[in-house]
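Asks: The opening residue of the sequence shown carries number 924 in my numbering; numbering runs sequentially from there.
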Amino acid sequence: MRPAIPTAGRPWTAIQGDLEASKRADYSWKQGRLAVYFYYLDDALHRVQQEAYKAFWTENNLGQRAFPSLKRLEEEVVGMGLSLMHAPDTAGGTFTSGGSESIFLSILAARERARAERGLAPGRGNIVIPDSAHLTFDRACWYLGLESRRIPVGEDLRADVAAMECAIDSETIALVGSAPCYPFGVFDPIAPLAALAERHGLWMHVDACVGGFLSPFVARLGHPVPGWDFRVPGVTAISADIHKHGMAPKGASLLLVRDEALRRFHRFESRAWQRGPYAAYTTQGTRPGGAVAAAWAVMQYLGEEGYLDCARRIMDAKRVMTEGIAGIQGLSVLEPSDLSLFVYRATDPALDIGKVAAALDARGWLPGRQQQPDGMHLHLNPVHAEVAEDYLRDLRAAVEEARGGATARVAAETRTY
Ligand SMILES: Cc1ncc(COP(=O)(O)O)c(C=O)c1O
924 MRPAIPTAGR PWTAIQGDLE ASKRADYSWK QGRLAVYFYY LDDALHRVQQ
974 EAYKAFWTEN NLGQRAFPSL KRLEEEVVGM GLSLMHAPDT AGGTFTSGGS
1024 ESIFLSILAA RERARAERGL APGRGNIVIP DSAHLTFDRA CWYLGLESRR
1074 IPVGEDLRAD VAAMECAIDS ETIALVGSAP CYPFGVFDPI APLAALAERH
1124 GLWMHVDACV GGFLSPFVAR LGHPVPGWDF RVPGVTAISA DIHKHGMAPK
1174 GASLLLVRDE ALRRFHRFES RAWQRGPYAA YTTQGTRPGG AVAAAWAVMQ
1224 YLGEEGYLDC ARRIMDAKRV MTEGIAGIQG LSVLEPSDLS LFVYRATDPA
1274 LDIGKVAAAL DARGWLPGRQ QQPDGMHLHL NPVHAEVAED YLRDLRAAVE
1324 EARGGATARV AAETRTY
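(1) When you compare each of A1331, Q1295, A1269 to R1319 by their alpha carbons, which one comes out closest?
(2) Tell me which same chain residues have a C-beta within less than 7 Å of the C-beta of L1283, skipping the five on either side of it?
(3) Ligand 1 heavy atoms versus the CB of I1026: any closer than 8 Å?
(4) Indicate, with yes or no, if ligand 1 has a heavy atom lying under 8 Å from the CB of Y1105.
(5) Just to check, is the beta-carbon of S1138 closer than 8 Å to a non-hydrogen atom of ligand 1?
(6) The beta strand (DSSP E) spanning H1123 covers which residue range?
(7) Return the CA-CA distance between I1074 and E982, expressed in angstroms with no decimal places.
(8) Could you spell out where the beta strand (DSSP E) holding G1298 opens and where it closes?
(9) Report the residue from M1003, Y960, A978 whose alpha carbon sits nearest the alpha carbon of L1225.
(10) What number of angstroms, rounded off, separates the C-alpha of D1152 from the C-alpha of C1064?
(11) For E1336 and R988, I'd like the C-alpha separation in whole angstroms.
(12) Using a threshold of 9 Å, state whether the C-beta atoms of I1165 and M1222 are closer than that.
(13) Using CA coordinates, which residue listed in S1260, H1168, H1300 is at the minimum distance from H1146?
(14) Any heavy atom of ligand 1 within a distance shorter than 8 Å of the CB on S1101?
(15) Once DSSP output is grouped into helix, strand and coil, what is the label at V1310?
(16) Considering only DSSP beta bridges, list what P1211 is partnered with.
(17) Alpha carbon to alpha carbon, how far is P1156 from N1304? Give it in angstroms, no decimals.
(18) Can you tell me which of the three DSSP states F1027 falls into?
(19) Please find out if some non-hydrogen atom of ligand 1 comes closer than 8 Å to the beta-carbon of D1130.
(20) Let me check one thing: in DSSP terms, what residues is I1074 bridge-paired to?
(21) When you compare each of I1026, A978, D949, A1216 to Y1204 by their alpha carbons, which one comes out closest?
(22) Could you spell out where the alpha helix (DSSP H) holding S1006 opens and where it closes?
(23) With a threshold of 16 other CB atoms inside 10 Å of the CB of S1055, please say whether the residue is buried or exposed.
(24) What separation, rounded to the nearest whole angstrom, lies between the Cα atoms of L1144 and A1171?
(25) Following the continuous beta strand (DSSP E) through Y1267, name the residue where it begins and the one where it ends.
(26) Rounded to whole angstroms, what is the Cα-Cα separation between D1061 and P934?
(27) Pick helix, strand or coil for W952, following the three-state DSSP scheme.
(28) Quick check: the Cα distance between Y1377 and S1023, rounded to an integer number of angstroms?
(29) With the cut-off set at 9 Å, would you say L1069 and I1050 are in Cβ contact?
(30) Go ahead and pull the three-state DSSP assignment for S1093.
(31) Could you check whether the Cβ of D1111 sits closer than 8 Å to any heavy atom belonging to ligand 1?
(32) According to the neighbour-count rule (16 or more other Cβ atoms, all chains shown, within 10 Å of its Cβ), is Q1294 buried or exposed?
(33) Please classify W1196 as buried or exposed, where buried requires at least 16 other C-beta atoms within 10 Å of its C-beta.
(34) Is V1215 a contact residue of ligand 1, with contact defined as CB to any heavy atom under 8 Å?
(35) Please identify the residue among W1288, Y962, V1001 whose C-alpha is closest to the C-alpha of V1306.
(36) What's the gap between the Cα of I1052 and the Cα of T1159?
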């Protein structure tokens, strides 16, 4: 039966009980039972996120006239992102609701710049991207009437710069590289891609939604991280999610541009309305003040040392897990993988990775099935350092079960959303 709003309101205690009960079938993120969708360090950071969000629970970040506090907090969050990504003094940025919005705005800006400066006709235009780039680029193209040209990555799983160059034509408006990409966790060769973009006068977007707030700290720990930020000449724009490895609650990302003046290309403005002029740099109207306040508070609370600690835990978890998986007969870890993401698969034809996934699922681990290559995908966050050995224990048991004639399997096409 279709639900309806109850006639009379119910007491909060009953509602709270219902909400708690509704979570019963959810996977336990606090115990790291999934490696997708969430980021968790500990209860102390969780409290900071909640308290800061609550402090600006009601304030609307659309109304910065009314809430100069939010204007200042937003400017500081953008400023901290620009500093971390070594942006020049000319740079600017926008606080958005997530990676998809940051990417959408960047591609919109690329299109508008091409229309303004190159006379790109409505309904025309394409972007050239490695086929490992997030599908949200295709979604942006769909919204914006652009063509997404997905070019297969090379043997090393990284963008094939020469092949991408061949796909550029007179209607190409932007190139994209990931730092790192979501399917494999590898960095594309950003420097050659940005040089290529510069040669052709193109917008170069670096998608650091995953890596923006992690790779600077992973690099400081001594791991090799290829150049990807504004120190690389030719990089026009960077998307970096604060609600991923920036450890803020959801609804927080940055779109940073090398030159503040470029922001005008994703700014809507109209005076043709009875109520008065309206302008916005984002796709949102009403914007939650809590998202900005919490992002600011998390950055202040963690500091560089806190982010380094997160990076250390993630890379430790990755080492323990990848070494452990490599030691299980019939499994191998896909190489390379540069950061917090990796994929493993079955190398033994008698071992069905879909059955391993089902056996893990039965033990409470949400399987992240990778479609190409047929395998398992994990995106680690700090909490996984505490459960890496548990995962390996259950994985060994799952492999045994899969070999023992289990019938349940999780298909490779299992949805990622
Ligand atoms: C590399 C990359 N880019 C963009 C996105 C989209 O970000 P969001 O889900 O915050 O919209 C993701 C999400 O996982 C991602 O991994």
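Don't be surprised by glycine CBs; every beta carbon is placed ideally from N, CA and C.
Replies: So, to answer that:
(1) Nearest option by C-alpha distance: A1269.
(2) P1290, D1317, L1318, A1321
(3) yes
(4) yes
(5) no
(6) That residue, H1123, is in no beta strand (DSSP E); its alpha helix (DSSP H) goes 1113-1123.
(7) 44 Å
(8) 1298-1302
(9) Shortest Cα-Cα distance from L1225 to any of M1003, Y960, A978 involves M1003.
(10) Roughly 24 Å separates the two Cα atoms.
(11) 48 Å
(12) Against a cut-off of 9 Å, the Cβ pair of M1222 and I1165 comes out as a contact.
(13) Nearest C-alpha to H1146: S1260.
(14) Proximity of the beta carbon of S1101 to ligand 1 is indicated: a heavy atom of the ligand is located closer than 8 Å.
(15) helix
(16) N983
(17) Separation of N1304 and P1156 (C-alpha to C-alpha, rounded to the nearest whole angstrom) is 31 Å.
(18) In this structure, F1027 counts as helix in the three-state DSSP scheme.
(19) yes
(20) P1053
(21) I1026
(22) 991-1007
(23) buried
(24) Annotation: L1144 to A1171 spans about 22 Å, alpha carbon to alpha carbon.
(25) 1264-1269
(26) 45 Å
(27) coil
(28) Beyond the ends of the chain as shown, which are 924 and 1340, falls residue 1377; an answer cannot be given.
(29) yes
(30) coil
(31) no
(32) exposed
(33) exposed
(34) no
(35) Y962
(36) Here the alpha carbon of I1052 sits roughly 15 Å from the alpha carbon of T1159.
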